[in-house]
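Numbering-wise, the numbering used here puts 15 at position 24 of the sequence shown, and it's gapless, one number per residue. Even for Gly, the Cβ is constructed at its ideal location relative to N, Cα and C.
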Amino acid sequence: MLSFGVIALALVPSLATALGIPPQILPIVTYLASIALVTVPVLLLFMAWRNQRSTGRWGLRGVLGLRQRGRPRDYLLLLPLFGWMMLCFVVLAGWINEPIASRWFSWFPQELRFQQLLLEPAAIAALPGLKLIAPAYLVLSCLAGPVVEELYFRGYLLPRMRRFGRWAPVLNTVLFSAYHLFSPWENPVRIIATLPMVWVAWRRDDLLFSAIPHVAANTLGGLGVLWLAFG
């Protein structure tokens, strides 16, 4: 996510000005641009390249693990996993994120704090340009971004961390959280919220146990943006 800062400081402001996008929603535009221009293509190309090196073919199938699938009733476990994530991101985050951000990250550039905008919906609901970026938010932040992140962090990286034994899902969760450089103050909550789903995916060798809650949680946030834009 270093790309997020590079895009924020160099590319997006000029582009947004040319398109008439108000500066108030520049952090959201920057976030979406980093997913579309860097996160998705770079991670996919890296995994495809590794697949080509090991199998002689471009693709993903040869490098992805956690491909076991359970019985339909096994996936009822997704409900408490998703519920735990929502409890952490809605309740626990409300208690500890702001104190951490205020105490340790007051220096962090405001133009990178796109989540802060989503906590103040009344301030951005009527902004011009929101209707333009709301569908892009749904596609990039709710679908493409989390799917590719899961393919890389859980499908590609986690199986290669089995040498760490029971610590593998913990280390994987910490790396995944640290990768979100645009909101380091959220790392404690992010680790607590996502560790159970990563652990279950690792134990059951099934990527769906982390991918589905991840996509569902992001989608709820995306629906909120759509509601602001078109509600």
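The beta-carbon separation of VAL189 and THR164, rounded to 5 Å, stays under the 8 Å limit for a contact. Using a 10 angstroms sphere on the CB of ALA159, the tally of other CB atoms reaches 16 or more, which defines it as buried. Within the DSSP bridge table, the entry for ARG58 names ASP197 as partners. The shortest C-alpha to C-alpha distance from LYS122 to any of ILE87, ARG62, ARG58 and GLY215 is the one to GLY215. Look at TRP98 here: in three-state DSSP terms it is coil, with no helix or strand label.
Within the same chain, and ignoring the five residues on either side of VAL191 in sequence, the residues whose Cβ sits closer than 7 Å to its Cβ are LEU68, LEU72 and PHE200. Taking C-beta atoms under 8 Å as the contact rule, GLY146 and THR30 fail to qualify, at a distance of about 15 Å. Boundaries of the alpha helix (DSSP H) harbouring TYR128: 121 to 130, taken from the DSSP string.
Taken atom to atom, the span from the alpha-carbon of VAL81 to that of LEU217 is near 19 Å. In this structure, DSSP gives TRP49 a state outside helix and strand, which the three-state scheme calls coil.
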